[in-house]
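Going down the list, the protein sequences come from chains A and B. Each step along the first sequence adds one to the number in the working numbering, with nothing skipped, and position 195 is 195. Each step along the second sequence adds one to the number in the working numbering, with nothing skipped, and position 126 is 126. Ideal placement from N, C-alpha and C gives every residue a C-beta, glycine not left out. Keep in mind it's a predicted model, so treat the numbers as computed, not measured.
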Amino acid sequence: MTISPERLAAYADGELHDQEAREVEAAIAGDPALKEQLDAHLALKARLFAHFAPIAEQPVPDRLRSAILPEQAKVVDISSARERRENKKQRWIWIAGPALAASLALVFLNFGTQTPDETHAGGALAQALDNQLAATQGAEAPVRILLSFRDANGRFCRGYASRSESGIACHETKGWRLEKRFGGAGQASTEYRQAGSNVADVLATAQEMARGPALDAAGEASAAARSWR
Amino acid sequence: MEHGLNAQAPSFNPPRHRKAKTLTQGFEQGVLALLPRLRRFSAGLTRNSADADDLCQMTIERALRNRGQWQEGSRLDSWIYRIMRNIWIDEARARTRRNQTFVDPDQGLAIGAGGGQEENVQLSDIDRALAKLPDEQREAVLLVMVEGYSYREAAEIVDCPVGTLNSRLVRGRDALLTLLGEAA
């Protein structure tokens, strides 16, 4: 079947429903030229996102904050908000370690992460958890590994995020158990939540669960080579 | 100096007699939480950091003034993005008129983008490529590819049919792919 440019673009933007998405995926699998177009779309998207991402990371100028909050509330809320923000930052910076650098400019895609049951990862998510390394994953990976660590029970756990979901999975004999689940990371989120705050939640929770620092690139690679056992 | 170390430091902070308002300030908090994203969208629209924060400020002020028009339960972010986008369109129109009237065409590019040569030099490939897009394609690209809105949400923000949004996006994206090279 032929895939129109609009349809391919819609696929790249996560706009297609499951059935349509599978059709496009099937067409891409049999057509290297189409795959190339998709890669170009995804690379452009990643590049645009990364270009603007630093602006959203910068501290917001006080004049904008004070345009919103009345004087008295401002004093209290801004300082405490700043404190909270900095705490959160400090809380996850050490845990994320070397893995975080690769995850700072993220583009999240909507991919099938369907689970065989409610408690364990399946599909593209399980594959990513098994094989993908935070340090080397491509910019367009549909599921992004944020970090890997060992929890208090000695299990290997990995924080992940895609456009539609994020969370922490820990490896057990049955596979990757979904320990914590948060919302999607790339979707313009509902209500007031800032896109990306789910990623912060994953990292903060990982830090609470972890027995030590996050695995560095070498530690991650060797854990993967031993099938996370 | 002899009053030095043991002297009690004078307080520069007047005591706080009034307690901070603890009323539910959901709306303000919502706008506050959106600020980083609004600054990003603003930077994309204006392509100039000084203008970007001015646009943000105007947006915040209008949003607060018109807060009665926001329906609780509906998306605050889309509502405010829409305000920002509309202010920018009005601004850009006014600016075009001014420029058409006053700018010497020989001065070309240096005008309108903040004037400074330095700024022009510092523009990245992406900034330059985005600058070449028609406004309606640029805003579609920004809303979907940077801000992460779905086609439907983006169409609501710019107030056009989804199909129209889609075709602006495809044209804008194709133009960027060409301008930035195949490897993007």
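Beta-carbon contacts of residue i that lie in its chain and below 6 Å, excluding the five residues immediately before and after
i, result
"Arg152/B", "Val162"
"Thr24/B", "For Thr24/B, the pLDDT reaches just 41, beneath the cut-off of 50, and the residue's location in the model is therefore unreliable, although a value from the coordinates is still provided. Taken in chain order, the list of residues that qualify is empty."
"Ala152/A", "Arg211"
"Val107/A", "Low local confidence applies: a pLDDT of 46 at Val107/A is under 50, so the model's placement there is unreliable, with the coordinate-based value given in what follows. Excluding residues within five positions, the ones whose Cβ falls inside 6 Å are Lys45, Ala46, Phe49."
"Asp201/A", "Phe182"
"Val60/A", "none"
"Leu176/B", "Ala129"
"Leu76/B", "Gly30"
Where residue i falls: helix, strand or coil (DSSP)
i, result
"Arg91/A", "For Arg91/A, the pLDDT reaches just 39, beneath the cut-off of 50, and the residue's location in the model is therefore unreliable, although a value from the coordinates is still provided. Residue state, collapsed to three classes: helix."
"Lys180/A", "strand"
"Ile168/A", "strand"
"Ala131/B", "helix"
"Arg152/B", "helix"
"His41/A", "helix"
"His51/A", "helix"
"Ala204/A", "helix"
"Ala135/A", "coil"
"Gln71/B", "coil"
"Ser253/A", "Past the boundaries of the shown model lies residue 253/A; chain A is included only from 1 to 229, so the question cannot be answered."
"Thr2/A", "coil"
"Pro61/A", "coil"
"Pro161/B", "coil"
"Ser279/A", "With chain A represented from 1 up to 229, any question about residue 279/A goes unanswered, as that position is not in the structure."
"Asn48/B", "coil"
"Asp13/A", "coil"
"Ser167/B", "helix"
"Asn66/B", "coil"
"Leu176/B", "helix"
"Glu147/B", "coil"
"Asp216/A", "coil"
"Gly30/B", "helix"
"Ser78/B", "helix"
"Leu142/B", "helix"
"Ser124/B", "coil"
"Asp54/B", "helix"
Cβ distance (whole Å) where residue i is taken to contact residue j below 8 Å
i, j, result
"Arg42/B", "Ala33/B", "The amino acid occupying residue 42/B in the given sequence is Ser; Arg does not appear at that position. The pair is not a contact, with the Cβ atoms about 16 Å apart (cut-off 8 Å)."
"Cys56/B", "Leu64/A", "6 Å"
"Cys157/A", "Glu179/A", "7 Å"
"Leu16/A", "Ala10/A", "6 Å"
Cut-off 8 Å between Cβ atoms - residues of its own chain near residue i, not counting five sequence neighbours on either side
i, result
"Val146/B", "Arg40, Phe41, Gly44"
"Leu180/B", "Asp125, Ile126, Ala129"
"Thr59/B", "Leu38, Ser42, Ile80, Ile83, Met84, Ile87"
"Gln58/A", "none"
Cβ neighbours of residue i in the same chain (closer than 7 Å, five flanking residues each side left out)
i, result
"Leu64/B", "none"
"Ile28/A", "Leu34, Lys35, Leu38"
"Ser78/B", "Glu153, Glu156, Ile157"
"Arg138/B", "Leu130, Gly172"
"Asp62/A", "none"
"His120/A", "Lys174, Gly175, Trp176, Arg177, Leu178"
Rounded C-alpha distance that separates residue i from residue j
i, j, result
"Ile3/A", "Arg171/B", "17 Å"
"Leu38/A", "Gln19/A", "18 Å"
"Ser49/B", "Arg93/B", "19 Å"
"Glu165/A", "Ala214/A", "21 Å"
"Glu220/A", "Gly154/A", "14 Å"
"Pro36/B", "His51/A", "14 Å"
"Gly26/B", "Asp130/A", "42 Å"
"Arg62/B", "Leu165/B", "25 Å"
"Trp70/B", "Gln29/B", "14 Å"
"Thr46/B", "Ile89/B", "10 Å"
"Ser66/A", "Ser74/B", "25 Å"
"Gly122/A", "Ala12/A", "22 Å"
"Ala223/A", "Arg229/A", "7 Å"
"Thr178/B", "Gly167/A", "37 Å"
"Leu127/A", "Lys174/A", "Before going further, note that residue 127/A is Gln rather than Leu in the sequence given. For Gln127/A and Lys174/A, the distance between alpha carbons rounds to 14 Å."
"Leu142/B", "Val199/A", "22 Å"
"Thr96/B", "Ser167/B", "25 Å"
"Ser227/A", "Gly68/B", "57 Å"
"Ala150/A", "Glu208/A", "It should be noted that the sequence gives Arg, not Ala, for residue 150/A. One C-alpha to the other measures close to 11 Å."
"Asp135/B", "Tyr149/B", "17 Å"
"Cys160/B", "Gly30/A", "36 Å"
"Gly159/A", "Ala169/A", "7 Å"
"Leu169/B", "Pro5/A", "11 Å"
"Asn66/B", "Asp54/B", "18 Å"
"Leu133/B", "Ala225/A", "47 Å"
"Ala26/A", "Ala40/A", "18 Å"
"Arg7/A", "Gln132/A", "28 Å"
Sheet register partners of residue i (DSSP bridge)
i, result
"Ile145/A", "Tyr160/A"
"Gly175/A", "Glu172/A"
"Asp151/A", "Ala210/A"
"His120/A", "Arg177/A"
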